[in-house]
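Here's the structure we're looking at; comments come further down.
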Amino acid sequence: MSRRNRVNDPDTDIGGPARKFPQTNRSAIVAIRSEEPHVRQRAFGTILDSYWKPVYKYIRLKWNVDNEDAKDLTQDFFGNAFQKNYFADYDAAKASFQTFLRTCVDGFIANQRKSQQRLKRGGGLEHISLDFQGADNELAIHPPSPNLTPEQFFEREWVRNVFALAVEILRKKCDDTNNQIRFHLFERYDLEESTEKVSYAALANEFGLTTTTVTNQLAAARREFRKIVLDKLRETTASDEEFQKQARDLLGVEVI
Amino acid sequence: MKWISDTKIDHLRALASQPDLSATKYTIVKELARGGMGTVYLAEDTELARQVAIKVLNPEVVDEDDRQRMLREAQIIARLEHPGIVPVHDVGMLDDGRIYYAMKYVRGRRLDEYVAQGDSINDRLRKFQAVCDAVAFAHSNGVVHRDLKPQNIMIGAFGEVLVLDWGVAKILRNAQFISSEDQTLKLPRRSEPEEPTDGRTANGTVIGTVNYMAPEQARGETQLVDERSDVYSLGVILYFLLTKQPPKPRADYADLRRPREFDSKITKQAEAVCLKAMSIDRSRRYELAIDLSADIGRLLDGEPVSAYREGVVDKLGRWLSKNRFLVLLVLTYLLMRIILLFTSGR
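One line per chain: the protein sequences are A and B, in this order.
Oh and the first sequence: position 5 is 317 in my numbering, straight run, nothing missing.
Oh and the second sequence: position 310 is 319 in my numbering, straight run, nothing missing.
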C-alpha cells in the first residue's frame, strides 16, 4: 500500500474538502468502517502513520522482544488489523482509541505466543514499509525512562509521534506556500534543543527581519501547528465528544 | 522525521494549548503565569505595536459563571483608574467562548522578590504605603480585593507599585461610585448579582490565600468580609515587609510571633501598626486602608501613630530619632565648648 503523500495531507478524502463537512467526516476511525476499499485503505494509512512507531516501541518495551521480532510483530499486527478490519470494532464509549489499540496489540501478541505461530507470521499479509531502523536508533539514543510503565510510555510515544507528524506537515505547508522563513523561525525558536533561549530580537537580527515580523511569523506558525495537531487528533478519534476529550487531555484546550 | 525530546514535547504542548487569538489584534509572545482560573500571556498588540499582558480564562473553567466572573474582574479593574492599579485596555471573547482581557504589561518584580533584594525598612514602608493607597482607592469605590498578598503586587522598573489580580474582588452595596440605578456591574449577558452564583463565595466558602486571609474570610463568613478584611491582609503584608519572613499559617490566629522578635531594629510603633492591622477582632483593626496608610505616613515622618500610645520615654526616643542631626549638632557643640573650656583653663 502506498504511503506516499499521506503524511503531508492531514485531510481525509471522504466527501471532499474537510472543512465543508462535519468534523467527524475527517476521522479515520469513522472512515475505516467505509464500504469503499480505497477509503478504508486511506483511513488505515492515517492510523498507521500516527501509531506504528509507538506500537513498535511499546512491543519492544512491554513484551521484551528483540528488534527483529518486534518488527515482525508490528508488521503482522497492522497487516492483520487491515485485513480483518480490527479497528472497525472500536467503540468510543468504552475507551480512548489509544487504549483500544494497545489492548488489541497485547491481545494479538498474547495469541501469537499462545499458538506458537511466531515463525509462521506474515503469511498472506501485505508487507508494510516502515522505518524500523529509525525507530531503533531513537530507542538506542533515547531509551525509555524507567519511571514510566509501558502503557505510559506508549501514550508518551504517541504524543511524540503526533507532534513530530505535525511538525513535518507544518514544514511541508510552509514549503508549499513559499514561506520557509516561518518554519525556520519556528524551528529555531520552538524546536531547537538549546540551553540558551534565543530572543526575538536575536532572531530578527539573524534573519534580517524586524522583531514585529518575527513575532507575527512565530504566532502564525504556532497557530498553524496547533491546527495541524488538532486535525491529527480529529483523524484518530471517532466522535466529536472523543475529539473534545482528547484535545482537553492532550492540550488542555476546548475546541468549538 | 525528527525525534522530539520530552522537554520539547512539553513546550509544544504548551504552545498548542495557547488560546487562538487570531480573531483579535493580539499575538501571544509567551506565557507569563498560570493560575487556577486564568493564564496570563505576554502579547503584542499588532495595531498599536506595544506589548500587553493578556489574561485568558483557562479552558477547563469555561462555564457561564466563570465567564461572568472573569468579565466582572475586567470591569472592576477598568473602573478603578488609579496609578496603583493596573489598567485594562480591552476585553473580549475568543471563538472558543473564553473571556480574555488585555491590560498594561508591567515590567518589574513581585513584592516578595523585591523584599528579597534588601532595601531599607523605610523604602519598604514607602512601597507598602503605595499599596495601601491603591487599596484605599478601591475601598472608596466600594471594592474589596480579598486576595491581597505579595505575589499580587508588582514593583515596576521605576519603583511604581501596582496591585494585580482582582479576580475575587467583592463589590460592596454601599459603594460610592455605584449609583442607586446602577447597584451592580452591567454585564453583557445577564444581570450579575454582587457575588457569582456558583456558591464559591456564598457563605461558608473560602476565597483568598490562607496565610494572608482575615479570620472571618478563612471561616467563610463572607457577609462579614469588608474593607477590614483587606486591612488584615495588608497587615500580614506589612508583617512580611518588616520581618522578611512569610507568615506561617496560624491555626487559631493567636500564636503569632511579634515582628520585633525577628529584628529589634523594627520600632515599637511599626510593630503596633502591623499588629493593629492584623487584629483577630475586626473591630480593633483600622476601618479603612486609608487609615492604615495615614499611620504608615506618620511612621515615615516620625510622628506619633494612632496604633501606639506613647510614654514619655517613647516620646523622647522618637523626638531624638526624628531630630538626630540636630541633637548630634548640639552635642558636638557642647563637647567642643567643654574641650575649649578645659584647654583654656590650663
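Using N, Cα and C, we set each Cβ at its ideal position, and we do this for glycine too.
Return the CA-CA distance between residue i and residue j, expressed in angstroms with no decimal places.
i        : j        : result
Leu460/A : His454/A : 13 angstroms
Arg534/A : Ser346/A : 34 angstroms
Gly151/B : Ala145/B : 10 angstroms
Lys179/B : Gln60/B  : 29 angstroms
Ala147/B : Val153/B : 7 angstroms
Asp19/B  : Ile13/B  : 10 angstroms
Gly93/B  : Lys136/B : 11 angstroms
Pro322/A : Thr549/A : Legend: pLDDT at Pro322/A = 37, less than 50; position of this residue unreliable, no value from coordinates given.
Ala452/A : Asn379/A : 11 angstroms
Ser362/A : Trp470/A : 7 angstroms
Lys383/A : Lys365/A : 10 angstroms
Lys485/A : Glu547/A : 18 angstroms
Gln278/B : Glu90/B  : 32 angstroms
Ala447/A : Thr525/A : 37 angstroms
Lys426/A : Arg338/A : 38 angstroms
Val367/A : Arg414/A : 8 angstroms
Asp29/B  : Ile63/B  : 12 angstroms
Tyr317/B : Glu296/B : 16 angstroms
Lys396/A : Arg352/A : 12 angstroms
Leu173/B : Leu477/A : 41 angstroms
Leu335/B : Leu41/B  : 50 angstroms
Trp375/A : Val115/B : 54 angstroms
Ala286/B : Phe409/A : 58 angstroms
Gly229/B : Met222/B : 10 angstroms
Glu450/A : Met112/B : 45 angstroms
Leu521/A : Glu505/A : 23 angstroms
Tyr501/A : Glu56/B  : 24 angstroms
Thr210/B : Glu73/B  : Interpretation of Thr210/B is limited by its pLDDT of 41, a score under 50 that renders its predicted location unreliable; the figure taken from the coordinates is listed afterwards. Between Thr210/B and Glu73/B, the C-alpha separation is close to 16 angstroms.
Arg267/B : Arg307/B : 21 angstroms
Pro458/A : Gln445/A : 23 angstroms
What are the partner residues of residue i, as DSSP defines its beta bridges?
i        : result
Lys253/B : BP columns for Lys253/B are empty, so no partner.
Lys64/B  : Val49/B and Tyr110/B
Tyr35/B  : Asp54/B
Ile164/B : Arg118/B and Val170/B
Asp323/B : Beta-bridge pairing links Asp323/B to no other residue.
Gly101/B : Tyr109/B
Arg237/B : Bridge partners of Arg237/B: none, in fact.
Glu270/B : DSSP lists no partner for Glu270/B.
Lys179/B : Val153/B
Glu40/B  : Tyr50/B
Within a Cβ cutoff of 7 angstroms, which residues of the same chain sit near residue i, ignoring the five residues on either side of it in sequence?
i        : result
Gly356/B : Chain B is shown only over 10 to 355; residue 356/B falls outside these bounds and no answer can be derived.
Glu53/B  : Tyr35, Thr36, Val38 and Gln60
Gly311/B : Arg327, Ser330 and Lys331
Pro256/B : Asn220, Val245, Tyr248 and Phe249
Gln529/A : Ile493, Arg494 and Leu497
Val474/A : Ser362, Val541 and Lys544
Glu467/A : Gln410
Round the Cβ separation of residue i and residue j to the nearest angstrom and send it over; I've been treating them as touching at under 8 angstroms.
i        : j        : result
Thr386/A : Ile371/A : 6 angstroms
Ala514/A : Leu542/A : About 31 angstroms separates the two Cβ atoms, so there is no contact after all.
Val95/B  : Tyr110/B : No, Val95/B and Tyr110/B are not in contact; Cβ-Cβ is about 11 angstroms, not under 8 angstroms.
Leu157/B : Leu243/B : 6 angstroms
Under 7 angstroms Cβ-Cβ, which residues of chain A neighbour residue i?
i        : result
Ala111/B : Those within 7 angstroms of Ala111/B in chain A number zero; the least Cβ separation is about 15 angstroms.
Ala25/B  : Phe537, Arg538, Val541 and Leu563
Who are the near neighbours of residue i in its chain, counting only those whose CB is closer than 8 angstroms to its CB and skipping five residues on each side?
i        : result
Val527/A : At residue 527/A the sequence reads Thr, which differs from the Val that was named. Cβ within range, chain order: Tyr512.
Phe519/A : Ile493, His496, Leu497 and Val526
Starting from the beta carbon of residue i, find every residue of chain B whose beta carbon is closer than 7 angstroms, and list them in chain order.
i        : result
Glu480/A : Met10
Thr527/A : Thr36, Val38 and Glu53
Val471/A : Ile18
Who are the neighbours of residue i on chain B, taking C-beta pairs under 9 angstroms?
i        : result
Thr454/A : Note that residue 454/A is His in the sequence shown here, rather than Thr. What His454/A touches in chain B: Trp12, Ser14 and Asp15.
What does residue i touch in chain B if you count any residue whose Cβ is under 8 angstroms from its own?
i        : result
Glu450/A : Trp12
Thr524/A : Glu53, Thr55 and Ala58
Ala476/A : Met10, Lys11, Trp12 and Ile13
Glu505/A : Ser14, Thr16 and Lys17
Which bits of chain A does residue i rub up against, with CB to CB less than 9 angstroms?
i      : result
Ser7/B : Here chain B covers residues 10 to 355 and nothing more, so residue 7/B does not appear.
Strictly below 8 angstroms CB to CB, what residues from chain A border residue i?
i       : result
His20/B : Asp502
Give every residue of the same chain whose Cβ lies closer than 6 angstroms to the Cβ of residue i, excluding the five residues on either side of it in the sequence, and list them in chain order.
i        : result
Ser200/B : Residue placement at Ser200/B cannot be trusted, given a pLDDT of 28 that sits under 50; the coordinates are not used to answer.
Ala400/A : Ile344 and Arg345
Arg483/A : Phe495
Ile108/B : Leu66, Arg76, Met79, Leu80 and Met102
Thr33/B  : none
Glu554/A : Ala404
Leu373/A : Pro456, Pro462 and Phe465
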